[in-house]
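J.: Heads up, the sequence shown is in this note's numbering, so the first residue is 31 and it goes up one at a time.
Built from N, CA and C at the ideal position, the CB exists for glycine as well.
Supplied in structure tokens, the structure appears directly below.
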Amino acid sequence: MPPEVPKNEPTRRLWVGFWSMIAQQTQNAFNDKMAQFTLISLGAAVGFTAESWAGLMIALPFVLFAPIAGWVSDRFSKRNVMLAAAVTQVVVLGWICGAVWMKNLPAALCGFFALATQSAFYSPAKIGSNKELVGSKHLGFAAGIQQMTAILAILAGQIAAGWLFDRRFSGHGSTADAAWTAALVPLGILTLLSIPALALALLIPKIPVKGGVTFTPPLVVSHFMNLAGLWRDAPQRRASFGVAFFWGFAAFINLWAVKLAKWITHGGEGFGTLSSVFLAAGSLGMAAGFGVASLLLRKRIELGWVPLAGVAMTVTAGVLAFLTPGGGWFLTTLGLLAFASAVFLAPLTAWMQDRYPADKRGELQSAVNLQDCLAGMVAVGLIVLFESGAAALGVDAALGFRIQMIFVALVCGGMTFSIVRLLPGDFIRLIGVALIRAIYRVRVLHPERIPKTGGVLLLPNHVTYADAFFISAACSRPVRFVMDEAFMASPAIRMFVGIFDTMTIRRDQPLEAIRSMIKALKNGDLVCLFPEGQLTRTGVLCELRRGFELTAKKAGHPLIPMWCDGSWGSIFSYERSRFIRKSPDGFPRGLSIAFGREIAPAEANLAMLRNSLLETSAAAVGNRFRAAGWGSRLPRGKGAAIEHFHASEKAVRRRAWVNGYQIGQVNALQRHRHFSVLDSDLLMLDLPAVVLTFPELFGAKVESRELLEPGIWVGGDRLHDVLAAEDLAGEFVFYDFGTRCLEPLMLAGVLHLPCLAVNDTVIAMSMPHPPKSKPNDDDQPGHKPGSWGRLLPGWYLSGTRVLGPAAPAEGLELPAGAFEDAEGFLCWG
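Following this line, the structure appears as structure tokens:
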């Protein structure tokens, strides 16, 4: 049975076939280039200018035979097409050997043309095989490897041709007869070595035929019909223009380097070697670029690399124009230019191969090849035009070469500007994600829970204005975000919405937004909806809104809860009671991002999602503290609380560090601020997270006092009684962990905030009501009567117990009558 296109992981047989195809195409490319560059060197030695003609003869078969090459690739098994092309190459190489032996250069150049013709038929078959062999998941990697090995083979062929020809030519007297002899022996060896490689094609699985109409004479000249099919899809058309630009650029640089070498050596001895050195610098850079691109694209095809590489091409081409040819800096810059161009091309080709319909891969790739070769011919024409213009105007040859490279830099700049306008989202997302990864140490837990394909509704918590970039950095697939239209008043937000294909929600027209989300899910998009509908100003999960339920049930696609831990404290969060307008709290920061268990659409409801999000928060926080070292870490300081901590078991210490971290994720006790405790309050010995680990982790200072002073206080029943008995002056904030904390403390100047600790572990905290950042913001109460406040991030409920990384495996038993209400408060009643 023929292999199917892999839906997940390719089988061992398919991988063997892929690497066999890579080996065969590498040898095929080496043979082509060594033979072609041997003939170019031979032509220069016998007084025939072959390099410009060679550029045209390489491109012309792709123009003449593009439709029929595509038809053959779709009509017959691509494996058989590759095998036939390899056999043809052996025959053509034999022809070239015979022509050189008879010293008939025109006949040899006919063989040159025939080699290019077999490449025109071979190319759509080999490129069209990638997806069939490795599937979409590995397509970016496969395309990068294919291009890298092809370039290395071309490089090796060019170097071998130039070095062998020059060595044999100079060793036999550098005469015309010596030139023919210098070319014949390498070509003969090459022909013999190409025969065993035919076996490689037999290791490639016979890929089933998926298209191809019956042959008719008009097919031979159906160039524009094929181009029309390619251009019908606007994104594919634009991508194909980018690919054609690369091949025009490559042809220009290639011929420019050969002519530069010829000018330096006057076309005599050393021409082959110097041209090989120039081409080697470019080819090595390009091969390295394709190798790096295969790694960059190993998880997904990211088009954001295209404009970034275009910027690099523009800069390096401009620098190259002013360097002395042949020097170390010249060769290095030439290699960097080629490196950037490879990174430019690889995402485009992988994206296009993934987008081709299965029954049109050969036809469309052939149309792309046609376009590429037309671009190459235009590049050759431009070189000739520059040469003619320089000669007519009497421009010095050295200056002429510099002008040509300045022209390349300007064209690269124009192309890059156009691509940034076409792909602003990809470009900004790539830059943004790169900056996020530089500023934040991103750890992702359970990324495999995001399905590789198909519609998925992602439901994360919402802490910062940068959440879209955090989520993009964690997801292996592009994400479409849903945003409240209330944010559209900001010009920056409006630009974001336009660039990233974001869907907006109007609260007075929720059904319209739901229809848009359903359509996107059915189109197979990964849609991100923030179910809180607002940024948290408390640090904890806000009340959830119901829109996701109807979307999930109507679309029928899975829901994935997601928790981003560690973003509270960034300048984009409301920590310190304001967004943006504050200095960063530490650099670099750490993000722990977790994907939760999939929720079936039929089971989606507010309660399930809330608990799933909280459970996912526990996984994210736990992932941060999984290192064994946390059990041995000791806080600084002296006193009874420290001694008690030292005497604890490692598991207890680790849980205390986790709990102290949880306190720092909400807008209650503030980071880098001091708070006070009564030195006679023994409760503080039982709250190590409050008085030891939270201050150590977040730079807070605990001051033990005998007398009350206005400020922030933490305590229990002892402090409760002292406050009630004293004649207070000033403002007090009292975080009450006592047994009577739910009894209102109605004292002027005292903000009483009940909190809950179970078995020395802080579970929930009340906090001051956070002020609104804008007048139309929703209220987010920090406390309410009859409540211990909100569960800290990292906790979730299971019956009457609370679970999370700061608790033992069996969890902690809540007080009788405790429950979580719809707003997320832990209440008693």
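What three-state label does DSSP hand valine 35 in the structure shown?
T.: Looking up residue 35 in the sequence shown gives position 5. Because the pLDDT of valine 35 is 49, which lies under 50, any placement of that residue in the model is unreliable, and the number read from its coordinates should be weighed accordingly. Here DSSP, grouped into helix, strand and coil, assigns valine 35 to coil.
J.: For the candidate residues Thr56, Ser613, Ile501 and Gln57, whose alpha-carbon lies nearest to that of alanine 464?
T.: The sequence position of residue 464 within the sequence shown is 434, counting from 1. The shortest C-alpha separation from alanine 464 is found at Ile501.
J.: Compute the distance between the beta-carbons of glutamine 810 and threonine 494, then report whether it is under 9 angstroms.
T.: Counting from 1 along the sequence shown, the entry for residue 810 is found at position 780. Counting from 1 along the sequence shown, the entry for residue 494 is found at position 464. Not in contact: glutamine 810 and threonine 494 (Cβ atoms no closer than 9 angstroms).
J.: Can you tell me which of the three DSSP states glutamate 853 falls into?
T.: Along the sequence shown, read from residue 1 onward, the residue named residue 853 stands at position 823. Note: glutamate 853 maps to coil in three-state DSSP.
J.: For aspartate 196, which of helix, strand or coil comes out of DSSP?
T.: Against the sequence shown, residue 196 aligns to sequence position 166. Here aspartate 196 sits in helix by DSSP.
J.: Which residues in the same chain as alanine 231 place their Cβ atom closer than 6 angstroms to its Cβ, once the five residues preceding and following it in sequence are excluded?
T.: Working through the sequence shown from its first residue, we reach residue 231 at position 201. The answer, listed in chain order, is Gln54, Met112, Leu113 and Ala116.
J.: Can you look up phenylalanine 511 in the DSSP assignment and give me helix, strand or coil?
T.: Residue 511 sits at position 481 when you count from the first residue of the sequence shown. Three-state result, phenylalanine 511: strand.
J.: Can you give me the C-alpha to C-alpha distance between alanine 754 and threonine 769, rounded to a whole angstrom?
T.: As a working mapping, residue 754 is identified with position 724 in the sequence shown. As a working mapping, residue 769 is identified with position 739 in the sequence shown. For the pair alanine 754 and threonine 769, the Cα-to-Cα distance works out to about 15 angstroms.
J.: Does the segment 549 to 565 come close enough to the segment 683 to 695 that 3 or more CB-CB pairs lie under 8 angstroms?
T.: no
J.: What residue does the beta strand (DSSP E) around lysine 731 start on, and which one ends it?
T.: Numbered from its first residue, the sequence shown carries residue 731 at position 701. 731 to 735 is the extent of the beta strand (DSSP E) around lysine 731.
J.: Do alanine 634 and glutamate 679 have their beta-carbon atoms positioned less than 9 angstroms apart in this structure?
T.: Counted from its first residue, the sequence shown places residue 679 at position 649. Counted from its first residue, the sequence shown places residue 634 at position 604. In this structure, alanine 634 does not lie closer than 9 angstroms to glutamate 679 by Cβ.
J.: What's the gap between the Cα of tryptophan 359 and the Cα of methionine 533?
T.: If you number the sequence shown from 1, residue 359 lands on position 329. If you number the sequence shown from 1, residue 533 lands on position 503. Near 49 angstroms, if we compare the C-alpha coordinates of methionine 533 and tryptophan 359.
J.: Going by CA-CA distance only, name the one from Asp747, Leu758 and Glu761 that's closest to glutamate 773.
T.: In the sequence shown, the residue the question calls residue 773 occupies position 743. Minimum Cα distance to glutamate 773 is reached at Asp747.
J.: Any contact of the segment 97 to 105 with the segment 129 to 145, i.e. 3+ C-beta pairs under 8 angstroms?
T.: no
J.: Would you mind sorting methionine 31 into buried or exposed? The rule is 16 or more other CB atoms within 10 Å of its CB.
T.: Stepping through the sequence shown from its first residue, residue 31 is reached at position 1. At methionine 31, the pLDDT of 36 sits below 50, so the modelled position is not reliable; the number obtained from the coordinates is stated separately. So methionine 31 ends up on the exposed side.
J.: Taking its Cβ as the centre, do 16 or more other Cβ atoms sit within 10 Å of serine 306, making it buried, or is it exposed?
T.: Within the sequence shown, numbered from 1, the residue matching residue 306 stands at position 276. Under this definition serine 306 is a buried residue.
J.: Pull up the distance between the alpha-carbon of threonine 723 and that of valine 512, whole angstroms please.
T.: Mapped onto the sequence shown, residue 723 falls at position 693. Mapped onto the sequence shown, residue 512 falls at position 482. Looking at the two C-alpha atoms, the distance is approximately 38 angstroms.
J.: Mind checking whether phenylalanine 367 and threonine 354 have CB atoms under 9 angstroms apart?
T.: In the sequence shown, residue 367 corresponds to position 337, counting from 1. In the sequence shown, residue 354 corresponds to position 324, counting from 1. A small correction: the amino acid at residue 367 is leucine; phenylalanine does not occupy that position in the sequence shown. The answer is no: Cβ separation not under 9 angstroms.
J.: Starting from alanine 794, follow its DSSP beta bridges and name the residues at the other end.
T.: If you number the sequence shown from 1, residue 794 lands on position 764. Answer is Leu786 and Leu821, bridged to alanine 794.
J.: For threonine 41, which three-state DSSP category applies?
T.: Locating residue 41 in the sequence shown gives position 11, where the first residue counts as 1. It is coil, neither helix nor strand.
J.: Taking the C-alpha atoms as reference points, what is the distance between alanine 836 and alanine 650?
T.: As a working note, residue 836 is residue 806 in the sequence shown. As a working note, residue 650 is residue 620 in the sequence shown. Approximately 12 angstroms, taken between the alpha carbons.
J.: By the 10 Å Cβ neighbour count, where 16 or more other Cβ atoms means buried, how is methionine 776 classified, buried or exposed?
T.: Taking the sequence shown and counting its residues from 1, one reaches residue 776 at position 746. Exposed, because fewer than 16 other Cβ atoms sit within 10 Å of the Cβ of methionine 776.
J.: What separation, rounded to the nearest whole angstrom, lies between the Cα atoms of leucine 394 and glycine 170?
T.: Here residue 394 is taken as the residue at index 364 of the sequence shown, counted from 1. Here residue 170 is taken as the residue at index 140 of the sequence shown, counted from 1. Whole-angstrom Cα-Cα distance: 18 angstroms.
J.: If I measure Cβ to Cβ from valine 35 and keep anything under 8 angstroms in the same chain, skipping five residues before and after, which residues do I get?
T.: Along the sequence shown, read from residue 1 onward, the residue named residue 35 stands at position 5. Note that valine 35 scores a pLDDT of 49, beneath 50, so its modelled location is shaky and nothing firm can be said.
J.: Tell me which residue opens and which closes the alpha helix (DSSP H) that threonine 295 is part of.
T.: Taking the first residue of the sequence shown as position 1, residue 295 is located at position 265. Threonine 295 -> alpha helix (DSSP H) spans 264 to 295.
J.: For glutamate 440, which of Val780, Val288, Leu475 and Gly340 has the nearest alpha-carbon?
T.: As a first step, residue 440 must be located in the sequence shown, where it is residue number 410. For the record, residue 440 in the displayed sequence is leucine; it is not glutamate. Per the Cα distances, Gly340.
J.: Could you tell me the alpha carbon to alpha carbon distance between leucine 304 and alanine 137, rounded to whole angstroms?
T.: Residue mapping note: residue 304 aligns to position 274 of the sequence shown, counting from 1. Residue mapping note: residue 137 aligns to position 107 of the sequence shown, counting from 1. Approximately 27 angstroms between the Cα atoms of the pair.
J.: Which partner residues of alanine 848 appear in the DSSP bridge assignment?
T.: Residue numbering aside, residue 848 sits at position 818 when the sequence shown is read from its first letter. DSSP output for alanine 848 lists Trp858 as bridge partner(s).
J.: Does the distance from the CB of alanine 287 to the CB of leucine 257 come in under 9 angstroms?
T.: To locate residue 287, count along the sequence shown from 1; it is residue 257. To locate residue 257, count along the sequence shown from 1; it is residue 227. Not a contact, by the Cβ cut-off of 9 angstroms.
J.: By Cβ distance, which residues of its chain are closer than 6 angstroms to alanine 186, with the 5 residues on each side in sequence left out?
T.: As a first step, residue 186 must be located in the sequence shown, where it is residue number 156. Only Phe60 meet the Cβ criterion.
J.: Check the C-beta distance from serine 607 over to proline 801 and give it rounded, since I have them as a contact under 8 angstroms.
T.: The sequence position of residue 607 within the sequence shown is 577, counting from 1. The sequence position of residue 801 within the sequence shown is 771, counting from 1. Confirmed, Cβ separation roughly 6 angstroms.
J.: Would you mind stating whether cysteine 558 and alanine 498 have Cβ atoms separated by less than 9 angstroms?
T.: To locate residue 558, count along the sequence shown from 1; it is residue 528. To locate residue 498, count along the sequence shown from 1; it is residue 468. Yes, the Cβ-Cβ distance between cysteine 558 and alanine 498 is below 9 angstroms.
J.: Would aspartate 709 and serine 734 qualify as a contact pair, given that the criterion is a beta-carbon distance under 9 angstroms?
T.: The count along the sequence shown starts at 1 and reaches residue 709 at position 679. The count along the sequence shown starts at 1 and reaches residue 734 at position 704. Yes, these two residues count as a Cβ contact at 9 angstroms.
J.: Which residues bound the beta strand (DSSP E) around isoleucine 629?
T.: Along the sequence shown, read from residue 1 onward, the residue named residue 629 stands at position 599. Taken as a continuous stretch (DSSP letters only), isoleucine 629 belongs to no beta strand (DSSP E), as it is neither H nor E.
J.: Could you tell me if glutamate 840 is buried or exposed, where buried requires 16 or more neighbouring beta carbons within 10 angstroms of its beta carbon?
T.: Mapped onto the sequence shown, residue 840 falls at position 810. It counts as exposed.
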